[in-house]
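Worksheet: the structure to be examined is printed underneath.
Chains as they are written, first to last, in the numbering used here: chain A, 1 to 537; chain B, 538 to 891.
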């Protein structure tokens, strides 16, 4: 039996609980017995969340609405303060007013004024230039004060939502001001938004810079695709359903197609996009992450590192596409004028702020090979593009056909059967479908493909939380499972850089495709060579 | 219930019981392609009240928009003089928000009069959607002799202890059912689900480290519940007792708890119009914690006052205090309810005492 006012801590150490006050960051963190059974995930810890670039788009469209929704669902820790760090001069009140306006527009839940007031009272604004170290010292004093008044226990979560060109300055100043080191008993973590560099050397440099200030275990590289329910469901589908896993290999899978298409053009992001292109903007991060989740081996457990270890192995198993292979296995293209959703749209080169001579790719198609035991000989086709007919992100596993006997004979009266296809739809209309063959009712034998379809939206009814909600909560809870690790990012860049080097050597010409089409004929030829065709979405 | 009870409104298309599957099939053949039949669970509702059939049909319709199901509503009238069985079928369709497509759930309604009311197991088993979980909501009192044939197939047994006139007897019966054959059955007391947001709010308050340290020092607890919701209040007290290791002590009809250090914890249950749980107050020698819910509010307001910390407040979600919300929450959360049994055990002697 424990003595009065004492309770066992995490490791069974007995603490005297009466001597701690709100300001005491050395107070032991012990389990709240009332939490038992109420949460099946790690609990978000009290902290101060500092957002660098607090007046930007990301903060207004994603971060604040996500925080509001978490608050509205009662998922935020009771002691949380949000500090917006930016250059513009404004008061706390002005800042909160702007955030409210944005939240009303972008929050998935309607804003309740009473709830907003309570939430907004936790938000404050800190004006400083990013390169002014004194601003960081001032921030440190402010956070210390908040620990005393808000009970945030010395925990700090820094969110780099500013442009990537500011990362170095911010990280250096965080280190210079000592903010990267939490007071004893607390933690200091950093969330880094993509892009994580622009190539392998710059990613290594950025990672070193981050590592100089924060330990890898305190670094959270955000790829919002991993926060999506369906991306998280890939592992559940594979490893919680025994029927799939033993088919999930080269013996049964003919090929895999990963598609991310969007009808939008550059939409005001011309400056960024023209430097980046589809390969850096989508393939290096989102699509390779989806590939990893699809191709990885079962992790030893569900810890962040066990999962990320398996993902890195996939990236290391990718056959490098370089030199002459680039023209063979990679297609890059740019959209020309055309029609999307019934509207005439301009060519990429005619978009505002795009240089006339730009060779930036807005479409990429790749044939990848994961050279390991499981996937030997199975091509993974990837396509991503702008100004395509519709918005869709999905992974499709095309299974090998049934033996060519009985129903599967070509020629004669019986046509060949469609392959079974398992499709994991990431967005929109999240879900899973399986195509199979069925006999048409009637006296003659005719076989047609039918689809079994599972839709998240109509099956579970409840609204799907935004990816940023999950990711913010995970960072507060210290769960890095859905964040990219340093070696993942660097391996992905190595793979992408080799292809880009081939393109930049000038041997491979940029192709063009009409806006509103499914990409250039070169992409069709790429997949047809393997005896397959792109899925019609 | 009188022996002349019958359904005041038709709960769908009347069909012969032997032709239900065929008639359901026709329902879909005649529909257009924009309608998709969907089902995640079998939801069976048993009632002996004719008046509740319309309310249950309405509830199923609203549940189905979030939780597609095969619903089987059974109105049993055992005291009817003549044995008779009648059935109706209907569909509840809801727009998916994308074009004209609709997701539809099927409902089969039975009226079982006289001796045929004993045919509940057969009626249920003949009309389940195969391979889907069976959630059985028993409305009203449980029978003295449970039908093992029926209960052993139920995955989730739903009931609402708030409606019971004799909770002590009913809890005994439900425990008896839970011990029958299958180990997979989960007891789902909507009265426990009703407490979820209050439990969540209280846990949230104690997530605060400076409040958490006072948790072992609580000495007074007061829970305010709505008229007719005494068991709800008792279950909340039971949950706190189980989680905090309090033991119930009863001396000459008065009750208190003792903590692990033998300190006395006094508790009071108060009845006031409002939400099922409208107020919870804790006191320790150094802290006061108040969780309050105004009538019709969707939020709890928490106020924490302590000697060593400045007063602070919190607003926490309370959800809607409606059967639909509780049932939806129960169906959505799933899982086992191990704490329910612990909570019940902690306050069992209080269930018979006023």
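We put the CB at the ideal spot given by N, CA and C, even for glycine.
Residue-chain proximity (residue i, chain A), Cβ-Cβ < 9 Å
{"i": "residue 846 of chain B", "result": "yes"}
{"i": "residue 771 of chain B", "result": "no"}
{"i": "residue 683 of chain B", "result": "no"}
{"i": "residue 850 of chain B", "result": "yes"}
{"i": "residue 738 of chain B", "result": "yes"}
{"i": "residue 758 of chain B", "result": "no"}
{"i": "residue 618 of chain B", "result": "no"}
{"i": "residue 858 of chain B", "result": "no"}
{"i": "residue 746 of chain B", "result": "yes"}
{"i": "residue 730 of chain B", "result": "no"}
{"i": "residue 749 of chain B", "result": "yes"}
{"i": "residue 584 of chain B", "result": "no"}
{"i": "residue 647 of chain B", "result": "no"}
{"i": "residue 794 of chain B", "result": "no"}
{"i": "residue 671 of chain B", "result": "no"}
{"i": "residue 836 of chain B", "result": "yes"}
Status (buried if at least 16 other CB within 10 Å, exposed otherwise) for residue i
{"i": "residue 662 of chain B", "result": "exposed"}
{"i": "residue 520 of chain A", "result": "buried"}
{"i": "residue 345 of chain A", "result": "buried"}
{"i": "residue 608 of chain B", "result": "buried"}
{"i": "residue 312 of chain A", "result": "buried"}
{"i": "residue 145 of chain A", "result": "exposed"}
{"i": "residue 107 of chain A", "result": "buried"}
{"i": "residue 62 of chain A", "result": "buried"}
{"i": "residue 887 of chain B", "result": "buried"}
{"i": "residue 474 of chain A", "result": "buried"}
{"i": "residue 716 of chain B", "result": "exposed"}
{"i": "residue 430 of chain A", "result": "buried"}
{"i": "residue 712 of chain B", "result": "exposed"}
{"i": "residue 91 of chain A", "result": "exposed"}
{"i": "residue 545 of chain A", "result": "With chain A represented from 1 up to 537, any question about residue 545 of chain A goes unanswered, as that position is not in the structure."}
{"i": "residue 452 of chain A", "result": "exposed"}
{"i": "residue 55 of chain A", "result": "buried"}
{"i": "residue 46 of chain A", "result": "buried"}
Strand pairing of residue i, partner residues [DSSP]
{"i": "residue 784 of chain B", "result": "B:795"}
{"i": "residue 47 of chain A", "result": "A:80"}
{"i": "residue 851 of chain B", "result": "B:839"}
{"i": "residue 759 of chain B", "result": "B:805, B:818"}
{"i": "residue 332 of chain A", "result": "A:364"}
{"i": "residue 95 of chain A", "result": "In DSSP, residue 95 of chain A forms no bridge with anything."}
{"i": "residue 425 of chain A", "result": "A:394, A:431"}
{"i": "residue 338 of chain A", "result": "A:345"}
Closer than 9 Å to chain B by CB, residue i
{"i": "residue 470 of chain A", "result": "no"}
{"i": "residue 108 of chain A", "result": "no"}
{"i": "residue 115 of chain A", "result": "yes"}
{"i": "residue 467 of chain A", "result": "no"}
{"i": "residue 38 of chain A", "result": "yes"}
{"i": "residue 43 of chain A", "result": "yes"}
{"i": "residue 263 of chain A", "result": "no"}
{"i": "residue 319 of chain A", "result": "no"}
{"i": "residue 433 of chain A", "result": "no"}
{"i": "residue 189 of chain A", "result": "no"}
{"i": "residue 182 of chain A", "result": "no"}
{"i": "residue 34 of chain A", "result": "yes"}
{"i": "residue 65 of chain A", "result": "no"}
{"i": "residue 520 of chain A", "result": "no"}
{"i": "residue 69 of chain A", "result": "no"}
{"i": "residue 325 of chain A", "result": "no"}
Residue-level contact to chain E via CB, residue i, 9 Å cutoff
{"i": "residue 741 of chain B", "result": "The chain inventory of the structure shown lacks chain E, comprising the protein chains A and B."}
Do the stretch 287-297 of chain A and the stretch 225-233 of chain A make contact, defined as three or more Cβ pairs closer than 8 Å?
Output reads yes: the stretch 225-233 of chain A touches the stretch 287-297 of chain A.
Mind listing, in chain order, the continuous beta strand (DSSP E) runs of no fewer than 3 residues lying wholly within the stretch 604-667 of chain B?
Within the stretch 604-667 of chain B, the complete beta strand (DSSP E) runs of at least 3 residues are 606-614, 621-632, 639-650.
Alpha helix (DSSP H) runs contained entirely in the stretch 212-262 of chain A, provided each spans 4 or more residues
Those alpha helix (DSSP H) runs which fall completely within the stretch 212-262 of chain A and span 4+ residues are 229-239, 242-245.
Please specify which runs of the alpha helix (DSSP H), each continuous and at least 4 residues long, are wholly inside the stretch 102-167 of chain A, giving them in chain order.
Listed in chain order, they are 113-120, 133-150.
Which runs of the alpha helix (DSSP H) at least 4 residues long sit entirely within the stretch 849-887 of chain B? Give them in chain order.
Taking only runs of at least 4 residues, the alpha helix (DSSP H) segments lying wholly in the stretch 849-887 of chain B are 860-870, 875-884.
Which full runs of the alpha helix (DSSP H) of 4+ residues lie inside the stretch 264-315 of chain A, going along the chain?
For the stretch 264-315 of chain A, whole alpha helix (DSSP H) runs of length 4 or above, ordered along the chain, are 270-278, 288-295.
Within 8 Å, do at least three Cβ pairs link the stretch 272-286 of chain A to the stretch 251-258 of chain A?
The stretch 251-258 of chain A is not in contact with the stretch 272-286 of chain A.
Are at least three pairs of beta-carbons, each pair with one atom in the stretch 152-159 of chain A and one in the stretch 66-86 of chain A, less than 8 Å apart?
Yes, the stretch 152-159 of chain A is in contact with the stretch 66-86 of chain A.
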